[in-house]
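Numbering (the working numbering), first residue to last: 9 to 441. Cβ atoms here follow ideal geometry from the backbone N, Cα and C, with glycine treated the same way. Every value quoted in this text rests on a predicted model; they were computed, and no experiment measured them. Notes follow once the structure below has been shown.
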């Protein structure tokens, strides 16, 4: 029998219909399976639990196997995206780069002049001075070891308490006698007389002398900053002002030198030729005693009376000084280690100079801050450090670090205070104190 001519079209329609029915059926079947997944899973759990119970019951009547049960599978590790990379802010003094680079200049290679200087620190036997001296000497040794070919020569601690102490084996020391008539309750009055004795009794090989103090920390390898044999280098103090007390100064100006020649300095920090210091020391010692015996001088000069004596004595023997603002910083009033250079407009200051990283950190003032990093001068802060809090004993190291705002960029930043505590703690750890 012959097939109708439309058969191919009808057969194709039939196959298409069959394909649609098959897909619809598969869809409903898979949906049913998905929807019944929970039921099936529960059923499997019930069956598994029943089987486990039966196995346990059977195992109880059988001898135990010699092989231990397999250990439980370890939990899957907690998966989390890797933390974002830490941005190392070069102005953040808590950052790794700041700690490594020490942007206050300790890795700056010192200029070598070939004119060696001998470092001298004066101290008495007080515990308060002892711990500061140990820290100062620690950083001096560190700098000298790091740059052995620099101008840094030897080191002497002049101990003007009159007797030996427990640091004799640790620090090169010269023991000086106190003033024959006593220091009149002004302990630094023994200092000039101690220098007179040391210069008389000891012949150092270096031609220059660097005078420093226990509360000075070297933060940069020191160079011989004295311009020449006739001119020393000194830090200018704003509170040494001979013109303010002209009448008192003139009574002790035995050689009538101009007041302009009396530099606003003390004996430290100072670098000068040893021959010049030998000229200054006897007059310095004599003037200090005379000023201390004068009521008006004591009233005018106060606790810096001995510094005025050094300034007047220097002028009377004709010693000039180049004033170096970059010699040191004094926290909390200074906040950064880069010192602005004073040009030729002010007498005695370095001319045609550039801004410099300082050499010394001088921690004579108290440092008071709120826990939020606000500076509170004249008021005890919730965080504070003052060396005078440790007159009779060593500080309890490690000291608490300042509020973090002092290390971070912003208006509260004071990297000098932050670094001071950091360096005190580092030295204490190295010295095991």
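{"query": "Thinking just about the alpha-carbon of each residue, which of 127, 141, 439, 336 is nearest to the one in residue 245?", "result": "336"}
{"query": "So what does DSSP say about residue 325, is it helix, strand or coil?", "result": "coil"}
{"query": "When you compare only the Cα positions, how much space is there between residue 441 and residue 137?", "result": "14 Å"}
{"query": "To which residues does DSSP link residue 392 through a beta bridge?", "result": "376"}
{"query": "Starting from residue 146, trace the beta strand (DSSP E) in both directions and tell me its first and last residue.", "result": "Premise fails: residue 146 lies in the alpha helix (DSSP H), 135-154, not in any beta strand (DSSP E)."}
{"query": "Quick one: grab the DSSP three-state call for residue 127.", "result": "strand"}
{"query": "Considering only C-alpha positions, which residue in the set 402, 375, 404 is nearest to residue 411?", "result": "375"}
{"query": "For residue 295, which of 433, 323, 276, 379 has the nearest alpha-carbon?", "result": "323"}
{"query": "If you check the beta carbons only, do residue 114 and residue 229 fall under 9 Å apart?", "result": "yes"}
{"query": "Taking 9 Å as the threshold (C-beta atoms), are residue 130 and residue 168 in contact?", "result": "yes"}
{"query": "Apart from the five residues just before and just after residue 399, which ones in its own chain have a Cβ nearer than 7 Å to its Cβ?", "result": "136"}
{"query": "Starting from the C-beta of residue 218, find all residues in its chain whose C-beta is less than 6 Å away, skip the five residues before and the five after it, and write them out in chain order.", "result": "125, 127, 279"}
{"query": "CB-CB under 8 Å to residue 58, same chain, minus the five flanking residues each way: which ones, in chain order?", "result": "Residue confidence is low: residue 58 scores 42 on pLDDT, short of 50, so the model does not pin down where it sits. Its coordinate-derived value is still stated next. Counting only Cβ-Cβ distances below 8 Å, and skipping sequence neighbours, we find nothing."}
{"query": "With 16 other CB atoms within 10 Å as the buried threshold, where does residue 255 fall?", "result": "exposed"}
{"query": "Look up residue 416 in the DSSP assignment and say whether it is helix, strand or coil.", "result": "coil"}
{"query": "Tell me whether residue 366 sits in a helix, a strand or coil according to DSSP, three-state version.", "result": "coil"}
{"query": "For residue 439, which of 140, 198, 134, 120 has the nearest alpha-carbon?", "result": "140"}
{"query": "Whose C-beta lies closer than 8 Å to the C-beta of residue 347 among residues of the same chain, with five residues either side of it excluded?", "result": "333, 334, 337, 363, 364, 365, 366"}
{"query": "Here's a check: name, in chain order, each residue in its chain whose Cβ is nearer than 8 Å to the Cβ of residue 406, leaving out the five neighbours to either side.", "result": "433, 436, 437"}
{"query": "Compute the distance between the beta-carbons of residue 420 and residue 389, then report whether it is under 9 Å.", "result": "no"}
{"query": "Taking the straight line between their C-alpha atoms, what separation do you get for residue 344 and residue 116?", "result": "16 Å"}
{"query": "Between the alpha carbons of residue 299 and residue 249, how many angstroms are there, rounded?", "result": "16 Å"}
{"query": "Rounded to a whole number of angstroms, what is the C-alpha to C-alpha distance between residue 303 and residue 395?", "result": "29 Å"}
{"query": "Straight-line CA distance for residue 263 to residue 297?", "result": "18 Å"}
{"query": "Taking 9 Å as the threshold (C-beta atoms), are residue 281 and residue 317 in contact?", "result": "no"}
{"query": "Count the other CB atoms within 10 Å of the CB of residue 315; is the residue buried (16 or more) or exposed (fewer)?", "result": "buried"}
{"query": "Residues in the same chain with beta-carbon distance under 6 Å from residue 62, minus the five sequence neighbours each way, listed in chain order, please.", "result": "Note that residue 62 scores a pLDDT of 41, beneath 50, so its modelled location is shaky; the value from the coordinates is reported in the next line. Excluding residues within five positions, none has a Cβ falling inside 6 Å."}
{"query": "Roughly how many whole angstroms lie between the Cα atoms of residue 285 and residue 242?", "result": "13 Å"}
{"query": "Have a look at residue 417 and residue 423 and give me their C-alpha separation to the nearest angstrom.", "result": "9 Å"}
{"query": "For residue 197, count the other beta carbons within 10 Å of its own beta carbon; 16 or more makes it buried, fewer makes it exposed. Which is it?", "result": "buried"}
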